[in-house]
Structures are given as C-alpha cells and as structure tokens.
Amino acid sequence: MKPHLPCLPKPAVAATCIGGLGRRGGGRVSSNSNSNSHGSQGRSCPLGDGSGGLLITRVPGICYRRRAAGLLLGADDRSCLEGRQPARVLLPRLRRASRNVLVRGSLFWSSHLSASFSRSPFRLYALPLSSSPPSSSSSSRFFASLSPSSSSPSHLPTQRRHTSPLYAAARLRPSIQILSSIGPFSSSSSFSSSSSSSSTTATMASDRDILPGHFKPSHYDLSITDLDFANWTFKGTVTIDGALAVPTTQIVLNALELDIASATLTAQATKGTRSEKAVDITYDAKSQRSTLVFVPDSGGGGGGGGGDSKAVGPASKATLTIAFAGKLNHDLAGFYRSQYKPPAGVVAAASTPRDADFHYMLSTQFESCDARRAFPCFDEPNLKATFDFRIEIPADLVALSNMPVKEETPGSSGAAPAAAAGGTKVVVFERTPVMSTYLLAWAVGDFEYIEAFTDRRYAGGKQVPVRVYTTRGLKAQGQWALDHAPKYIDFFSERFGIDYPLPKSDILAVAEFTHGAMENWGLVTYRTTAILFDEQLSENRARNRIAYVVAHELAHQWFGNLVTMDWWDELWLNEGFATWAGWLATEALHPDWDVWAQFVNEGMERALKLDSLRSSHPIQVPVRDALDVNQVFDAISYLKGCSVIRMLAHHLGTATFLQGVSSYLTKHKYGNAKTTALWSALSAASGQDVNTLMAPWIEKIGFPVLNVTENGAGQLNVRQQRFLSTGDVQPAVDDTTTWWVPLALTGRLSTAGSVTDAVESLALTTKEDVITSVSSDFYTLNSGATGFYRVNYPPQRLGKLGTQLARLSTADKILITGSAAELAFAGNTTTPALLAFLEGFNNETHVRVVGQALDALNLIQSIFGADDKIKRGLEAFTLRLIEKPLDDFAFEFPKNEDYNSSELRKRILTSAVNNGHPRVTEEALKRFDAYIADPVQNPVKGDLRGPVFLAAVKADPARAVPLLRKEWQTTSAPDGKEVALLALSATADPDVVREHLLPFLFGADADAVASSDVHYLSSGLANRHAVRPLLWAYVQKEWSGAVARKLAGNPVLLDRFVNLTLNKFSDTEALHEIEAFFRDRDTKAFDRTLETVKDTIRGRAAYRTRDAADLRQWLTTHGYVA
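Per full-length UniProt numbering, the sequence shown runs over residues 1 to 1122.
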C-alpha cells in the first residue's frame, strides 16, 4: 500500500445489499439501521439463504486500479469484483463465490469510517491488495463488513489529499482486525505501528509478501541434536513463545528443506490453557512456508476466526513446539558444511568430519532468508525475538554461537551418530538480546582461537573479550584481525554514544563462504581471505582488506543488529551505513592509507557505473518478496548508499552527522526503523530538512551529470541531467528528477580578482543555474569527490585540467578520470579525447590515480581488443603511461615500504606483464621457472605471485595451467587459491581452456573450484576475447547440468556468476543469444541482474560501433601503432 490514499471525487454514495454468501448464523450490518444518510437505508438484508448481508458502499467515479480502495475478491473464482459495477453484475458473481469475500485495498474516509466502526458490532478485515487470495483450506466465514456512519456528506473528502494510512489505522484500530492474522494469507497488517513514518518509496506492509500476523514470536528455545556426519543430517526441536492475536486453527511459518515431524500449539487464555497437536502439516516450496493445521476445517472457519468454536486463541501467551530434521547442506546457506585441507602436520580432533584429505566444519549463514533452512521460524527482519540455543556435539569439538557458553553437560549416550568414542556434550549458550532471525548463528568444528580485550570497560566494568577462531593450525593468521577488532569496538562505542551491547565478540574464519563476511551478532563469520593474513605469504593488499571488512562487520553490531531495517527494501540502511562507518574507522587506524581516495576509486566509481544503467534501481528499492532481496546486495545498496551518506556527512559535518546517528540508534535500539527515522534524527541534530535533501538520492533511480558551459566573463552555466551510460536519455521518461547537488566549487575569484583554492559550498537545487566570478584559468566542481555525480566539462577545459594535475586533489584526479572514461563510453565525449587527457598522467605516482587510469584503459581494451591493431596500440599507450614509475620499481619489495607504494609497485608490474613489457616479462618468467624447480629455495613472495604467475600463463598456457592448478591445490597462503585462479583466468588459448579449465571450474569433485570461488576464474576468462565465446557456449550446453549442479543451490552464487560472466560481451549478436537463451527459462534468482547485463552489453556494443574507427586512427596518428 502506498502512503497516500486514493483521490476521491465529490461523494455520491450508493448502497447495495448483498447476502447469501455462505455465512452461518445471522447478523446485522450496522448497529444503527438508520445510520446511512447518503441516499440509501442501511439495514439487515436477509437475502439468499437468509444470512446477514453486507452493505457495500460505492463512490461513483473512483478509479479502482492497483492499490485503489474498494475491490472485492471472491476466493474461489479469484477475480476482482469492483464496487463501481452495478448490483446486477456484482450479485451473481458474489453468490458464486461460496467462500471468503474480502475488502481488498486501501482504506479511505479515515474519519468517516472511524465514526462508523466505533458504533458497529462488526469488525473490518482488510486484505492488502498485493497479497494472495485465501487458500482453499481457509475459513468459509464471511469476513468483511462495511457500514457508513450517520455523518453528513461533508465528512467525506472532496479534494485531492494525501493522508497517512497510519493515521487511518490509529483512528480505526479498536475496530479493525487484519484478515491475514486468521488465515493462511501471504500478507499482514497494513496498519502495524512503526517508530518512524513511511518513506514514499518504502514497501508498505500491504505491498509485501509476508507471513500472516496471527502469531507474533517473542522468544525461541532452539535445540540441535543428532549431528550425522555420514549422511549430513541433523535433528532439532524449537519452542517458540509468542501471542495469538485472534482465534486461529492453523499457523504459517517459514521452513525450507526441513522435515517437520510434529507440532503442538499451547495457548493460555482467560478460560484456561489449551493444547492442540498439528493434524496436518503442509509445505509450499515456492513460498518456503509450512502450514501447521491444529483444528480440522469444520466448515465454519478453518482459517480461524470467532465463527469456529474450535479455533485456538486469542491468547496473550502461546507456545509453538516443533520437532524437525534437516540437512547439513553444501550450498553455503542455512546450516551447512564446508571443506578444507588442514596444514601439514596438524593432528585434528578425532571426531572432525573428514573425507580423505579434506576435513569439514559446520557453520550457519542466515541472511537474508536462510534461517528457515536450519529451523522453522518466522523469518522476517521485523519479527524480532530473543533466543536460547543449545547444541549436542562430539565432546572433542567446539561449538560457538552469538552469546557466551552458559554451561556444558554430558550428552545422551548414542544420541549423536557423529560422536566418536569420546561421546557427546551439550553446549548451552546464554540468552541473546532481542534480534532478527537472520542474525542468529552457530558453528561446530575443530577450532582454536587467539584472544585480546578492548581497552574500554563496558557492562559491569569489564573489558570485552575478542577472539579470532580458526580451524586447527591457522590461529596465528588471525593476529592482524585481532589487532583491529577490539579497537573498532571501542571506536564505534565512542562515536555512536552507545556501548557495545554484548558480553563478547567472536570472529570465525569459515572455509567456504558465499560473501565476504556476515555480521551475526557476537559471532561474525568471514571468508578466510577476508580475515586471515600470513606475514610471509599473503599479499600486502590483504592487510587493507581485512582491516576494512572487520570494521564494516563490527559497525553492523550497532547499525543493523541493535537497530534493524524494518523490511528488506531498506537494506541500504544496514549496508550503506556499515560501508561508510567501516571506512571511517579504517581511516582512524590507518590515516596513511588514504582510504577515502581508495573508496572513490574502488567503491564510488563502481556504484556510478552500475547506477548509470537504465536497469539500475533506487537505493531504497521496493521488495515485495524477501526471496528477491539477494539481488539487491549490490553496489547500489552498499556503495551508492555509502556515497550518499558520505555526501550528507560532509555537508552536515561529521560531528553533527554522528550526533544524529547516536540519537537514531538510542531511540530505536533493539527495534526496527525506517530511513525516515534516520532523516528525522539528522534533521534534529543539524537544523536542516534532511529528508528533502536526500529523498531524490534514496528514492529515485540514477544520478545526475552536470553539463558545464563556459559563458565567458567568469560565468558557468550548469545544468543537471540524469546520466545513462548508453547515452540515450529520453528527457520526458528518464530525466524527471531534480537532485539536490552540493557543488563544492574551487577556483572562485575573490573581490580583488585573485583565485582562491578554497572549496566553496554551493548547491544546485534546480535543473539549471549560473555560477559567476569563476576563474577562467582553473576551476573544479565536486572538489574532493564528495558528491555522487559526474561533471561534463567542456572539451578544452578537460584538456587543460590534464595539464594542471598538481592543483587537483587525489580524489579529484580519480573522479575526473573516471568521469572522462564514462562520458566517452556514453558518447558525450570521444575515446581519443580521453586518451589525450590520460597522456598527462605519465608522472603520476599515487596508486589510486594510476589505478583509475589503468581501469579506464582496461575497459577500452576489453571492448575494442578484438581488433588487433587497436589492441597493440592500447598496449603501447599503457606501457608509455607507466614507463616512469616502472623505472622506479624493481621486483624486490623493500622491507618497510609504505602501503600505497607497495600497492603501486604490484599494480605497475602486473600492468607491464599484461601489456607485454619485454624486460618485466622476462624477469617474471625467470622467477616462475625457479619457483617450479624448487619452491622452498625460490619462493615467490606475496605481492609478486600475481605478476609472476600471470607472465607464465600468457607466455605458455599449455605448460603453466597444469602447474598453477597444482599450486591452487597445495598453496598454504590464505589468499593462495584466489591468486592462482586470477592468474589462470588470463588463459587465452581455447584448447587449454576446453581441456583444463572448464572441467576444473565446473567439476563436482573435491579438487574442483569451490562454488564460492567460481567467479574468480569465470570472470577473467570472459574478459578474454579469444575464449569468451567458448565459455558462453559451455554455459548454454551445461546450464541444466554442470552449471546447475555447481551453483543452483545458492541463488547468490548463481546471480554473481551470471553477472560477471556475461557482462563482458560487446556485440549485439551475443545480446540476442542471451535474450533468446533465457527467454523461456526460470530466471527469478537473477532476473534483475540479467537486465543490467543486457544493458551493459548494449552500451558496450554501441560504444565499439561508434568509436572504433576514430580510436584506431588516433592511435596510428599519435605513433602508438603502425
């Protein structure tokens, strides 16, 4: 339901009396038979079988379209019956609907209905328009009753107005119950109160496919037993305490791949305690829901409601107890197993699950909708509860969960098939705070740990213990993470003004992991490459990655865990903020890393690229079905979300911004909140109307490009327009948003006529404006790259800026370079103009600026590289660009080299190898041969592995690929497999790919690439022109075979694969093939991503067609190719 109500014309109300709908027993429509003063008499209507009727009021002229009010639904014929239809049409159709008839849609006439229902003995049951009709097993009771009051017509609105549905709910709440709370409908109350008002684009409850609201959980007592490592199964029991809002005969909750053996519902009401066992348990695989039927349908209301005397409830205290069994899957979701090879010489615990050389650990991954894979639950973020958790495991293994261990007791003899001779133990954990199901976590394995403590003291005057857990033999590699985590806990506690709320903080390295990490409250889980670091073997880059990811996840302990978004449409509240806070904390600990320049290069640029597609989505994207949210864990939610927060924090001032954040967290802690609640807190802290400033950035798709025209005499004409990378903006369709744009101008002339380098804060709040007193020699907009937009300078100005790089900040250089590249892609400028601009960067030494320039060149090579002449010309251009820094860098990394210099060295060497630099390639091959001859005596150290392995693959793939597959199998470096896969992905020999890499990539055996790592190899191969068609042909052939076996069990992995494997094509022929291939296939898991892939290909194809000839000519004319 949208937050505004339908437009009502001047009222002229007609009443139609309808009955005979199978209602048992009599009843009146209104408590006052003369209450209708609108031209019809309200009365009891003994029609049909003599049952009580329904007075349907109609307002002629109302448009009964989607989300309009007044629709009726016959559950059997599944057709919408519109109140504007004449009675002769309505009556026969309603009489055929022998089961439920529902009032479907928004409420209107809020004050009018309030007056009416305050005097009516009938209840209004409202079913939101977007929800499904009742199932055939639901109650046959006639649920809807509407009666106008005796109020005069003037009480009805006569003009267009917007009224909050929460207001209507507040007025009607004493007389309203929600139909979904008593039947198995995929909907819940449209009127549930919230601590914050609705955003105009937030998904209202009526627009969500959510669980019925009849049972509200408050506490879970969960027990996991019978871990069977031979068959990979487990058993469990969950007792869920809560309340029954209304009488019910059945309860619907989430379950996936679980076998529910039994269920019992116990309700404590004023008349005593009643207990019912489930007589029927059904499962809907599509919705991932189970229906537990406790009272058979007697014909009087199987879905619940006062009409069935056997219904259970209402009850302020109710308990649902369920026994179930599940699978320890290998899909990296729910309660799953992951495999690893322990370090040489490690003696594992006897009960450690194993298969030949591989050992297994167990862990959970519940976000967004996979708690239901581990136990039956009400798996929605705003159905928060507390949790007691216990698990029976082999006595020599370790169990972890969100809270500290409360006690360990001996297990039942023979209760766990996985137990070795040592028996079992039951590990019981302390109760959690109130939290969402997706934050519950546990793990079982052969774990060890290292420990540190916070400097600050918290509850009870105690320091918080922080532990890094790993599988046996790896704990020392957790030290870098442990050096940071306690400091971050103290940092966020101080910045947010709220102490860390849990008694401990654990970090766990998980052998196979879908994401980078998961913020489970008190037990954060990580991909091994995101948490483990080896001083001798790891790339230096890993320090940066670990420091940031740890900060990001710990920021979630407040923003996401303590306060959780109300629904998945506001996922960005969790992820965008945690991204910003993660970089903020990393900067505090590592100011020398220049992390905000890194963010602009690696984060904001990525978000700008995705958001330049017509198929992008707003930050706050409507999510009706929670199962669709996996595709929203993307650069928009994370990186655009972070970018607009960074923009706002810069505008308000970081101190003021954090003051507002603290107020927001304090007000909503242990609850759920919406975006508007954050804006309200920030508005109060700053005295500014933050909602007005930010609404277009959050609610609208895309971002603006500022087209700058120099008018002479120091005047700039600046016009904002939505930017599309396809270059085909249709003003009436695409360019309808006016953003608040902070300009951050440098180059303003003083009154004395001198140029100042100070940044002046201006804002563009209209489509177009003029800026005066600007230097004709030098100026920039968006100085510091704090704004999420691009600037299209006049061509001569861009060229001049290329000669004034010393006057630009690092962030300015990055954003101007990225913008120049994307504007060329879109056709606003040309590729020759971009290359002419980049020629000025041959003396640049900042890794992020060089990196942005190389990113632009890599994109051009990816699109135009099939043309051999262009390919050779671009290689020569790139080598000339990096010539000076290359002369300064050798293959030996100084021991105390600063982080950014070390990163630049690796980036330059890799680019030199990739573009065929003779000297660098020769040295890299020499080192590779020595390493293969004797790895112990001639190791290739961390940051050199990438360029050395890459050189070997490019020089002789038939020899190098088998050797690097062996490297992948035997490496002991935390990031060793990732480095090997990235090198293998450079293979451009179709025969080698066909023989060695495709079986390696999609094989089902333990020595094949893990499903979580498939994208490293597939993405790189897709970027090679020579093997791209081969990979696509294999994907088509094996889509239902090897590809499905590898990825179909985890929608996140499948979505990632489709995106990174198919978005490299640059021709319309491939686009048509992709469209044809997926036209009749189930693409629900990646349908949004598929559209962005197709948009990307369209843009790449148009770019290649438009600029190929000019690019070839420019490279020839400027001496880069003969």
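Yeah, the Cβ is synthetic: ideal placement off N, Cα and C, and Gly gets one too.
Quick caveat: nothing in here was measured; it's all calculated off a predicted structure.
Look at A441 and N520 and say whether their C-beta atoms are less than 9 Å apart.
As a working note, residue 441 is residue 441 in the sequence shown. As a working note, residue 520 is residue 520 in the sequence shown. Yes, they are a contact pair.
Between which two residues does the alpha helix (DSSP H) containing residue 1123 stretch?
Residue numbering for the chain in the displayed model covers 1 to 1122; residue 1123 lies beyond these limits and cannot be assessed.
Restricting to runs no shorter than 3 residues, where is the beta strand (DSSP E) found entirely within the region 468–513?
For the region 468–513, whole beta strand (DSSP E) runs of length 3 or above, ordered along the chain, are 505–510.
V591: which of N900, V1027, S338, L982 sits nearest, CA to CA?
Your numbering for residue 591 matches position 591 in the sequence shown. Position check: residue 591 holds Pro in this sequence, whereas Val was assumed. Nearest C-alpha to P591: N900.
So for L55, helix, strand or coil by DSSP?
Taking the first residue of the sequence shown as 1, we reach residue 55 at position 55. Below a pLDDT of 50, predicted positions are generally treated as unreliable, and L55, at 34, falls in that range; no measurement from the model is reported.
Short of 6 Å in beta carbon distance, which residues of its chain neighbour N672, apart from the five on each side in sequence? Order them along the chain.
In the sequence shown, the residue the question calls residue 672 occupies position 672. Closer than 6 Å at Cβ, skipping near neighbours: N382, T564, D566.
So, helix, strand or coil for R716, using DSSP?
Counting from 1 along the sequence shown, the entry for residue 716 is found at position 716. As written in the sequence, residue 716 is Leu, which differs from the Arg given in the question. In the structure shown, L716 sits in a strand (DSSP, three-state: E or B).
Tell me which same chain residues have a C-beta within less than 6 Å of the C-beta of G326, skipping the five on either side of it?
One-based indexing of the sequence shown puts residue 326 at position 326. These residues qualify, in order along the chain: F234, L258.
Mind checking H1072: buried by the 16 CB within 10 Å criterion, or exposed?
Along the sequence shown, read from residue 1 onward, the residue named residue 1072 stands at position 1072. Per the 10 Å Cβ criterion, exposed.
Bridge partners for I393 per DSSP, in chain order?
Against the sequence shown, residue 393 aligns to sequence position 393. DSSP lists K425 as partners of I393.
Decide if the region 313–326 is in contact with the region 245–265; the criterion is three or more beta carbon pairs, one per stretch, under 8 Å apart.
Flag = yes, the region 313–326 and the region 245–265 touch.
Give the range of the alpha helix (DSSP H) segment to which E553 is assigned.
Counting from one through the sequence shown, the residue named residue 553 turns up at place 553. Looking at the DSSP string, the run of the alpha helix (DSSP H) that includes E553 is 541–555.
Just list the residues that DSSP pairs R527 with in beta bridges.
Here residue 527 refers to the residue found at position 527 when the sequence shown is read from its first residue. DSSP, once it has assigned bridges, lists V510 as partnering R527.
Could you please give the first and the last residue of the uninterrupted beta strand (DSSP E) stretch that includes H219?
Working through the sequence shown from its first residue, we reach residue 219 at position 219. H219 -> beta strand (DSSP E) spans 215–228.
By Cβ distance, which residues of its chain are closer than 6 Å to A585, with the 5 residues on each side in sequence left out?
Working through the sequence shown from its first residue, we reach residue 585 at position 585. Y488, F491, A551, listed in sequence order.
Could you name the residues of the same chain whose beta carbon sits closer than 6 Å to that of T291, not counting the 5 residues immediately before and after it, in chain order?
In the sequence shown, residue 291 corresponds to position 291, counting from 1. So the list reads P184, Q250, V252, T282, once near-sequence residues are dropped.
Work out the CA separation of N792 and T766 for me, nearest whole Å.
In the sequence shown, the residue the question calls residue 766 occupies position 766. In the sequence shown, the residue the question calls residue 792 occupies position 792. So the alpha carbons of these two residues sit roughly 17 Å apart.
Does DSSP put Y779 in a helix, in a strand, or in coil?
Here residue 779 refers to the residue found at position 779 when the sequence shown is read from its first residue. DSSP places Y779 in coil when its eight states are reduced to three.
Pick out the complete alpha helix (DSSP H) segments inside the region 846–923, 4 residues or longer, and give them in chain order.
Listed in chain order, the complete alpha helix (DSSP H) runs (minimum 4 residues) inside the region 846–923 are 847–864, 868–881, 883–888, 899–914.
Once the 5 residues before and after L1060 are set aside, which same chain residues still bring their CB inside 6 Å of it?
Residue numbering aside, residue 1060 sits at position 1060 when the sequence shown is read from its first letter. Once the five neighbours on either side are set aside, the close Cβ partners of L1060 are H1015, S1019.
Can you name the residues that DSSP bridges to A325?
For the purposes of this step, residue 325 is taken as residue 325 along the sequence shown, with counting starting at 1. Answer is K235, D259, bridged to A325.
At 3 residues or longer, what runs of the beta strand (DSSP E) sit wholly inside the region 979–1054?
With a minimum length of 3 residues, no continuous beta strand (DSSP E) run stays inside the region 979–1054.
Would you decide whether F375 is buried or exposed? Buried here means 16 or more other CB atoms lie within 10 Å of its CB.
Stepping through the sequence shown from its first residue, residue 375 is reached at position 375. With 16 or more Cβ atoms within 10 Å of its Cβ, F375 is classed as buried.
With burial defined as no fewer than 16 other Cβ atoms inside 10 Å of the residue's Cβ, what is the status of L904: buried or exposed?
Numbered from its first residue, the sequence shown carries residue 904 at position 904. L904 is buried by the Cβ-count criterion.
So, at 7 Å on beta carbons, what are the nonlocal neighbours of L835 in its own chain, with the 5 sequence-adjacent residues on each side left out?
For the purposes of this step, residue 835 is taken as the residue at position 835 of the sequence shown. Closer than 7 Å at the Cβ level, and outside the excluded window around L835, lie F877, W1114.
What is the rounded straight-line gap between the Cα of E380 and the Cα of R208?
In the sequence shown, counting from the first residue as 1, residue 380 sits at position 380. In the sequence shown, counting from the first residue as 1, residue 208 sits at position 208. Each residue's Cα considered, the two are about 11 Å apart.
For A951, which residues of its own chain have a beta-carbon under 7 Å away from its beta-carbon, when the five flanking residues on both sides are left out?
What you label residue 951 is simply residue 951 of the sequence shown in a count that begins at 1. Once the five neighbours on either side are set aside, the close Cβ partners of A951 are V913, T921, A924, L925, F928.
Check A350 in the structure and name its three-state DSSP category.
Taking the first residue of the sequence shown as position 1, residue 350 is located at position 350. Coil at A350, not helix or strand.
So, using beta-carbon positions, are Q852 and I814 closer together than 9 Å?
Your numbering for residue 852 matches position 852 in the sequence shown. Your numbering for residue 814 matches position 814 in the sequence shown. Yes, these two residues count as a Cβ contact at 9 Å.
Using CA coordinates, which residue listed in L764, A481, P343, F841 is at the minimum distance from K800?
Counting from 1 along the sequence shown, the entry for residue 800 is found at position 800. The shortest Cα separation from K800 among L764, A481, P343, F841 belongs to F841.
Determine the closest residue to T772 out of T709, L573, D956, with distance taken between C-alpha atoms.
On the sequence shown, residue 772 is found 772 positions in, with the first residue counted as 1. Taking only the C-alpha atoms, the option nearest T772 is T709.
Could you give the residue range of the alpha helix (DSSP H) that holds P696?
Residue mapping note: residue 696 aligns to position 696 of the sequence shown, counting from 1. From DSSP, the alpha helix (DSSP H) with P696 extends over 690–699.
Which runs of the alpha helix (DSSP H) spanning at least 4 residues fall entirely within the region 730–779, listed in chain order?
Whole alpha helix (DSSP H) segments, 4+ residues: 731–734.
Go ahead and label T987 buried or exposed: buried means 16 or more other beta carbons lie within 10 angstroms of its beta carbon, across all protein chains shown.
Numbered from its first residue, the sequence shown carries residue 987 at position 987. Looking at its Cβ environment, which holds 16 or more other Cβ atoms inside 10 Å, T987 is buried.
What does the Cβ neighbour count give for G702, buried or exposed, with the cut at 16 atoms within 10 Å?
In the sequence shown, the residue the question calls residue 702 occupies position 702. The residue is buried, with at least 16 neighbouring Cβ atoms inside 10 Å.
Note down the Cα distance separating A511 from A517, rounded to an integer number of angstroms.
Position 511 of the sequence shown, counted from the first residue, corresponds to residue 511. Position 517 of the sequence shown, counted from the first residue, corresponds to residue 517. Their Cα atoms are separated by approximately 12 Å.
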